[in-house]
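Protein chains in written order, with my numbering: chain A, 1 to 316; chain B, 317 to 632.
Even for Gly, the Cβ is constructed at its ideal location relative to N, Cα and C.
Okay, structure first, notes after.
2 protein chains.
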Amino acid sequence: MSGDIKKILITGSAGFVGSHAVDFFLKKKFSILGIDNLSTGKKHFLDNALKNNNFKFIKKDLLNFKKICKYFKNIDLVIHLSANADVKNGPKNPTIDLKQNLLVTSNVLEAMRINNVKRIIFSSTGSIYGEAIKIPTPENEDFPIQTSLYGASKLACEGLISAYCEAYNMKTWIFRFVSILGERYTHGHVIDFYKSLKINNKFLKVLGDGTQKKSYLYIKDCIEAIWLAFKKTNKKINIFNLGTNEYCSVNESIKWICKDLGLNPKLKYKGGKRGWVGDNPFIFLDIRKIRSLGWKPKLTIKQSIIKTIKYLQNTI
Amino acid sequence: MSGDIKKILITGSAGFVGSHAVDFFLKKKFSILGIDNLSTGKKHFLDNALKNNNFKFIKKDLLNFKKICKYFKNIDLVIHLSANADVKNGPKNPTIDLKQNLLVTSNVLEAMRINNVKRIIFSSTGSIYGEAIKIPTPENEDFPIQTSLYGASKLACEGLISAYCEAYNMKTWIFRFVSILGERYTHGHVIDFYKSLKINNKFLKVLGDGTQKKSYLYIKDCIEAIWLAFKKTNKKINIFNLGTNEYCSVNESIKWICKDLGLNPKLKYKGGKRGWVGDNPFIFLDIRKIRSLGWKPKLTIKQSIIKTIKYLQNTI
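Below you can see the structure in the form of structure tokens.
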């Protein structure tokens, strides 16, 4: 599926996942146009990329359709990674996921339709399974009930992308991520714990009861999987879970983080099975479909967490 | 679940389903506030309701949040029926479903949240199952892939409503309809065929090959089912398919319509298994869940089609 690709547009290109995608596809010698409004993305994540003549960055807000439509001209593939990815704080701002995820995706699809761009890679999430019945959860899990505004917005994006593929002869590769870890990581429990311990290393507040079980994936493994799936599959709609073959509890994660930092804080649990409204106490995706293509993650969850801690120590 | 309900707000109250809901709930002695922008709704559908002191109608566009928010004050239940329901023409106007269905639903939910309204009945659709694998299709069918912009927008609404219920302690009753027939019917194959035969009764153009199989439900059976499910269930999220225990092919439907009208037109098929992009060649919902509550439809599909033809003969 990749032979005829020359120019790739990456949305959210200054974000955690986006900037890694830029680096990866520049290494593969593609011409890359990155768009980001820098609301949560960081320009310095692109410092290396900006030295490469094959990379062009434009600071634009994808919500402004008139300003962004023209950039989709002559693009062979859109990698749409721009998103609000803060599940925990959704209820404090009930329409942000709708705007930043779904309305942006609608604009991206319209710009593709108008400019005759036919292929889109999309970063979805395991959160769309809500509190899944089957664990590990396969891609064809029972019709899911949404438990978070974030998950609901990503489900809506998946649906809209699929309907566009049907209506306008496009193709999509949709990836349902577990939480991603690694260099340039910007939000989630590892950074929350790290920052908290930096302020007070004797004490750590834990949302929930610490038994929540989650799966994680290292950023470079994530991008490799996306690329492999894109190269090896070519249906109208191609959907893959992305994760590892393992999960860990919040308590295990704390143990690894504290051991790595040489700390032994007193843990104070907020209690309850869920860390926040819409938190899923057990996220573990069935990744047999992506593994059947020949991919497997190089890093374990523990290695990814320690790599993330090393990155945070060097930057915060 | 119904004992404490006094005042009901019905969106899309001048529409086909909405106006029947108004009549039904007025008969049950509730106080009703109807909102409709009359873009596709018809004021005369409310002629009888407007004679009733328990009914108040306001012409407002639900997309205008500032204008509509105040009307949700002191409402006990929202019945949200306002929608663009034209599956067939979705691809001609790719953002209409997003606006008329999802953005309107987001406004309704925000108005509910701000005014502390805790219960919402929502009209979804069997189209959200896409081309289902299991037929008859149960509510917990495998994770569906969207094939129409209309279905995608309704799936997005379901997800958003569910996430609001989780985040803000609301409850919802979601009904996935087959096509609805009966008095005040305004769009679908029966009216298309009826109008075409009125212009030329010797000839009838049929989209697809005529073998598409669909299920239908009579409007009054539909409203009865909604009311029963609302009274008898009380989970956070209550989802029901609504349909009949039968389906018919387009060809059977044509036979009934033509026999009733005393016509014998020459049929010209456009061909293909699907009538249009996103058409599902076989829609038949598993209705055991709603039937287990004690409801069953009073009219067969054939009776509903003939009732619809009689209505059209009296009005067009």
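{"Item": "Cβ-based contacts, 8 Å cut-off: residues of the stretch 36-63 of chain A near chain B", "Value": "none"}
{"Item": "Secondary structure, alpha helix (DSSP H): runs of 4+ residues fully inside the stretch 224-300 of chain A", "Value": "250-261, 288-291"}
{"Item": "Minimum length 3: unbroken beta strand (DSSP E) runs contained in the stretch 370-410 of chain B", "Value": "371-375, 393-396"}
{"Item": "Simplified DSSP state of R429(B), which is helix, strand or coil", "Value": "helix"}
{"Item": "Which residues DSSP lists as bridging V522(B), in chain order", "Value": "Y585(B)"}
{"Item": "Anticipated Cβ contact below 8 Å, K273(A) with G188(A), distance rounded", "Value": "Going by Cβ atoms, the distance from K273(A) to G188(A) rounds to 19 Å, so no, they are not a contact pair."}
{"Item": "For I335(B), the first and last residue of its enclosing alpha helix (DSSP H)", "Value": "It is Ser, not Ile, that sits at residue 335(B) in the sequence shown. Start and end: 332-343."}
{"Item": "Residue from K344(B), G319(B), I326(B), G578(B) whose Cα sits closest to the Cα of E540(B)", "Value": "K344(B)"}
{"Item": "Test item: CB-CB of D537(B) and L615(B) under 8 Å", "Value": "yes"}
{"Item": "Beta-carbon proximity of K530(B) to S495(B), cut-off 8 Å", "Value": "yes"}
{"Item": "Beta-bridge pairing of K359(B) - partner residues as DSSP gives them", "Value": "Answer by DSSP bridge pairing: none, since K359(B) is not bridged."}
{"Item": "Extent of the continuous beta strand (DSSP E) run through Y218(A)", "Value": "216-218"}
{"Item": "T411(B): contacting residues in chain A (beta-carbon distance under 8 Å)", "Value": "S106, E110"}
{"Item": "At least three beta-carbon pairs within less than 8 Å, the stretch 251-268 of chain A to the stretch 189-201 of chain A", "Value": "yes"}
{"Item": "Top-ranked residue by Cα proximity to E139(A), from S82(A), G182(A), A229(A), N238(A)", "Value": "N238(A)"}
{"Item": "Delimiting residues of the alpha helix (DSSP H) encompassing F646(B)", "Value": "As shown, chain B starts at 317 and ends at 632. That puts residue 646(B) outside it, with no answer to give."}
{"Item": "Residue environment, K6(A), which counts as buried when at least 16 other CB atoms sit within 10 Å", "Value": "exposed"}
{"Item": "Exposure of G278(A), with buried meaning 16 or more beta-carbon neighbours within 10 Å", "Value": "buried"}
{"Item": "CB contact below 8 Å: I542(B) versus chain A", "Value": "no"}
{"Item": "Assigned exposure category for K470(B) - 16 Cβ within 10 Å defines buried", "Value": "buried"}
{"Item": "Host alpha helix (DSSP H) of S478(B) (start-end)", "Value": "465-484"}
{"Item": "Closer than 8 Å to chain B by CB, E183(A)", "Value": "no"}
{"Item": "Terminal residues of the alpha helix (DSSP H) in which K511(B) lies", "Value": "505-515"}
{"Item": "Proximity below 8 Å, CB of R176(A) to CB of G126(A)", "Value": "yes"}
{"Item": "Assigned exposure category for L425(B) - 16 Cβ within 10 Å defines buried", "Value": "buried"}
{"Item": "For L497(B), the residue or residues it bridges with in DSSP", "Value": "Y534(B)"}
{"Item": "C-beta neighbour in chain B for D76(A), strict 8 Å", "Value": "no"}
{"Item": "I8(A): first and last residue of the uninterrupted beta strand (DSSP E) it sits in", "Value": "7-11"}
{"Item": "Below-8 Å beta-carbon distance, Q146(A) vs any chain B residue", "Value": "yes"}
{"Item": "Coarse secondary structure for D36(A), derived from DSSP in three states", "Value": "strand"}
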